[in-house]
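So the structure is just underneath, and the comments pick up after that.
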Amino acid sequence: MIYLDNNATTAITPEVLDAMRADWLLGPANPSAQHRIGRSAKLRLEDACDAMLDCLSASEHRFLLTSGGTEANNWVIGNLGQGDGPIVVSQIEHPSILAAARAAQARGIPVRYLPVDANGIVDLPLLQTWLAETPKPRLVSIMAANNETGVIQTIAPLAACCNDAGVPFHSDLSQMLGKLPVDIDQMGITAATIAAHKFHGPVGVGGLILRRNAPISPLLVGGAQQLEHRAGTEPTALVVGMMTAIQQCLNDLSTTQTAMRQRRDALEAGLRQQIPDLVVHSAAVDRLPQTTCFSIPNIDRQALLMRLDFESVACSTGSACASGSSEPSHVLQAMGADSSLLSSSIRLSGSIFTTDSEIDTAVSRIVRCCNKLRDYQDVEK
4 MIYLDNNATT AITPEVLDAM RADWLLGPAN PSAQHRIGRS AKLRLEDACD
54 AMLDCLSASE HRFLLTSGGT EANNWVIGNL GQGDGPIVVS QIEHPSILAA
104 ARAAQARGIP VRYLPVDANG IVDLPLLQTW LAETPKPRLV SIMAANNETG
154 VIQTIAPLAA CCNDAGVPFH SDLSQMLGKL PVDIDQMGIT AATIAAHKFH
204 GPVGVGGLIL RRNAPISPLL VGGAQQLEHR AGTEPTALVV GMMTAIQQCL
254 NDLSTTQTAM RQRRDALEAG LRQQIPDLVV HSAAVDRLPQ TTCFSIPNID
304 RQALLMRLDF ESVACSTGSA CASGSSEPSH VLQAMGADSS LLSSSIRLSG
354 SIFTTDSEID TAVSRIVRCC NKLRDYQDVE K
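With the first letter of the sequence shown counted as 1, position 359 gets the number 362 in the working numbering; the numbers rise by one all the way through.
Shown next, in the form of structure tokens:
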């Protein structure tokens, strides 16, 4: 199987596995326990969180553990920010942001959806207009890099506008971390979401990185963990694994970033050469180095996905969190994509483990699958 669905989840590196195994082998430990074993676990937990903040240049922030990106996003929406104004989210956010926004709306909190242009770039002038209105927004949430198209937003100017208006700014960094440099202080964001399984860490752990002076309502109650913001026993080994993954991916970033981009470009070039009508979405703007989203007119995306699965190529038609849905991509819809492109979109995403040979083989298999599907269509006509 050629695995090209790394935006959904990535493989754990051997170093991360070793770090977690070493922590587990220290024996059973609850970081809240007051005995020596518990205190040792608490120290490892705090050291790991401090190390991650340091890696991400988040000197003004604290690290709140979550089970992953979806939990962190749900925590922020409706719980961070004050006043009577609306929550502002972009039209291309991850489903966990959009669903949380709809849930907040059902509770009576107004929500505004910031549009994007044909390349998937958010409308900064419109956001500035909304920030100048009364009541001003209570929260703005815009993802740093899109999980479907890979489009990168210029976060610092967006955050600066919010900071000037006194409005908290949240950004989902789940897809960006591990592929591009991240400097949270320089970005100027109030809160950031990360998920370990997106950068070769374990599934089931993530974080909400929150500015120290930003008040947020508790997520879970019933324990004093994390300053009573999220009750529950912390998974020390998973946190150590997440820390190891962050350190490793950032240490190797200059090398892996170049390699992933070269392979992504080779994939797109190979497909374009043999499928002339293929359309790569957002090819004109900066994208994540490992992500490509393309459409092949008159090829049904679900049919192509299933045929590629038979051909041992793992890919997706969009966000893994919406994989059970047959609805077209809300991201491409927001970008104004033609219906023929909506119905035929496929996302491929590589990783540090993807090889040149796998890219070459994937190109040939995709082309073969498209030709077969077109042959069937011709017969049916």
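For every residue, glycine included, the Cβ atom is placed at its ideal position computed from N, Cα and C. This structure is a prediction, so every number in the text was calculated from the model and none was measured.
For residue j and residue i, the rounded distance between their alpha carbons
i	j	result
V143	Y379	47 angstroms
A248	A199	7 angstroms
Q412	M55	Only positions 4 to 384 of the chain appear in this structure, which leaves residue 412 out of reach.
T13	T137	43 angstroms
L350	P184	Sequence check: residue 350 is Arg here, not Leu. Rounded to whole angstroms, R350 to P184 spans 23 angstroms at the Cα level.
T29	A75	The residue asked about is misnamed: residue 29 is Leu in this sequence, not Thr. Taking the straight line joining both Cα atoms gives about 29 angstroms.
V334	A286	15 angstroms
V242	C373	43 angstroms
S257	A109	45 angstroms
A147	G191	12 angstroms
T236	I302	48 angstroms
Q189	I219	22 angstroms
A104	R304	28 angstroms
S367	A306	17 angstroms
D268	A195	29 angstroms
I40	A25	15 angstroms
N82	G111	13 angstroms
I155	Q260	14 angstroms
D341	L129	24 angstroms
D50	M179	24 angstroms
A102	D363	38 angstroms
W27	T69	19 angstroms
D359	A61	35 angstroms
R42	V224	22 angstroms
D255	R377	42 angstroms
Closest residue to residue i among the options (Cα-Cα distance)
i	options	result
K139	A147, N166, S93	N166
S174	C52, M263, G210, R377	G210
S319	R275, I369, A272	I369
A365	V316, S332, V224, T152	V316
V288	L230, A340, N122	N122
P171	D186, T157, A217	A217
I212	W27, A168, S177	S177
E151	T239, M309, H97	H97
I197	W78, P128, A306	W78
H284	N149, E49, Y6	N149
D186	D57, R377, M4, D341	D57
M309	A162, K375, D359	K375
L222	T73, P31, S62, G41	T73
P160	L291, Q131, R290	Q131
N33	I219, I155, A44, S220	A44
I15	K201, Q276, A272, L270	K201
L291	A262, A194, E63, E361	A262
E314	A11, E361, D341	E361
C252	M4, A168, P17	P17
Proximity of residue i and residue j at Cβ, strictly below 8 angstroms
i	j	result
A337	Q37	no
C164	L134	yes
L311	F297	no
V208	G71	yes
A107	I80	yes
R385	G181	Outside the shown range of the chain (4 to 384) lies residue 385, about which nothing can therefore be said.
T239	L48	yes
R215	E63	yes
T357	R266	yes
Proximal residues to residue i (C-beta, below 8 angstroms), its chain only, five neighbours per side dropped
i	result
P300	D280, V282, S343, L344, S347
V119	S93, Q94, I95, V125, D126, A337, M338
A227	S35, A234
G84	I90, P140, R141, L142, V170, P171
E271	V283, A286, T295, F297
Paired residues, beta bridge with residue i - DSSP
i	result
R115	V91
D175	T196
R233	L223
H64	R214
G123	Paired residue(s): none; G123 is not in a bridge.
Contacts around residue i, its chain only, beta-carbon distance under 7 angstroms, and the 5 residues preceding and following it disregarded
i	result
N396	Residue 396 is absent from the structure shown; the chain starts at 4 and stops at 384.
L67	G210, L211, L213, Q229, H232, R233
A162	F172, M190, G191, I192
M4	S315, A317
A168	L134, K139
S99	G72, T73, N76, N77, C324
Residues near residue i in its chain [Cβ-Cβ closer than 6 angstroms; skip 5 each side]
i	result
P331	L345
G244	V19, A22, M23, G204, P205
P113	P89
Y437	With the chain running from 4 to 384 in the structure shown, residue 437 is simply not present.
C52	F66
Q277	V370
M1	Residue 1 cannot be examined here, being either before or after the span of the chain that is shown, 4 to 384.
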